[in-house]
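Using my numbering, read the sequence shown as starting at 5 and increasing by one per residue.
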Amino acid sequence: MSTATTRGVRIDVRARFLPDQSDPRAGVWAHAYEVTITNASERTVQLISRHWIIRNEHGVEEHVRGPGVVGEQPRLAPGQRFVYTSGCPLDTAVGSMEGTFQMVDDTGARFDAEIARFTLAEPYVFN
Numbered sequence: 005m006s007t008a009t010t011r012g013v014r015i016d017v018r019a020r021f022l023p024d025q026s027d028p029r030a031g032v033w034a035h036a037y038e039v040t041i042t043n044a045s046e047r048t049v050q051l052i053s054r055h056w057i058i059r060n061e062h063g064v065e066e067h068v069r070g071p072g073v074v075g076e077q078p079r080l081a082p083g084q085r086f087v088y089t090s091g092c093p094l095d096t097a098v099g100s101m102e103g104t105f106q107m108v109d110d111t112g113a114r115f116d117a118e119i120a121r122f123t124l125a126e127p128y129v130f131n
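Below, the structure written as structure tokens:
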């Protein structure tokens, strides 16, 4: 699990391996991750876009950018939260993700909310 807070916007991520959607012999390791965005600030904020950095175990990076998350650009009043689940295939047994959500508050100020790095790994790969 990872947690980061930027300007009162807390982002928690929990990842899990998906064995039924993975095929290591074919070089595919599938993962799901659940993101919880909590607005602990005093202002209403809206998620505008995302930037993910996905790394495999060899350090090869892929950058994914786009509007919103799962087709939405959630607007969160103080104290509200938004939860969504998405997925990521890897071509190695271990990798990581991190990034930012581009946010705007009710004054029009834009900022990048950090998504702390979290590990994507097939269970028991470290044992």
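The beta-carbon is built from N, C-alpha and C at its ideal position, and this holds for glycine as well.
Backbone CA spacing between residue i and residue j [nearest angstrom]
| i | j | result |
| --- | --- | --- |
| ILE15 | ASN43 | 9 angstroms |
| LEU124 | PHE21 | 7 angstroms |
| VAL87 | ARG18 | 11 angstroms |
| ARG69 | GLN77 | 14 angstroms |
| THR89 | ILE41 | 12 angstroms |
| ASP116 | ARG47 | 15 angstroms |
| THR7 | GLN25 | 26 angstroms |
| HIS35 | TYR128 | 15 angstroms |
| SER100 | GLY31 | 16 angstroms |
| GLY112 | PRO23 | 43 angstroms |
According to DSSP, residues forming a beta bridge with residue i
| i | result |
| --- | --- |
| GLN50 | ARG79, VAL108 |
| TYR88 | VAL39 |
| GLY99 | ASN60, LEU124 |
| ARG29 | Paired residue(s): none; ARG29 is not in a bridge. |
| PRO71 | SER53 |
| ALA117 | PHE105 |
| ARG11 | Bridge partners of ARG11: none, in fact. |
| ALA19 | TYR37 |
| SER6 | VAL17 |
Presumed contact (8 angstroms Cβ cut-off) between residue i and residue j, rounded CB distance
| i | j | result |
| --- | --- | --- |
| CYS92 | ILE58 | 6 angstroms |
| ILE52 | MET5 | Going by Cβ atoms, the distance from ILE52 to MET5 rounds to 25 angstroms, so no, they are not a contact pair. |
| TRP33 | ALA97 | 6 angstroms |
| GLU118 | THR10 | 5 angstroms |
Residue-chain proximity (residue i, chain B), Cβ-Cβ < 8 angstroms
| i | result |
| --- | --- |
| VAL39 | Checking the listed chains, one finds no chain B in this structure; it contains a single protein chain. |
Whether residue i touches residue j by CB criterion (8 angstroms)
| i | j | result |
| --- | --- | --- |
| VAL13 | SER45 | yes |
| ASN60 | ASP95 | yes |
| PHE105 | ARG54 | yes |
| ARG29 | GLN50 | no |
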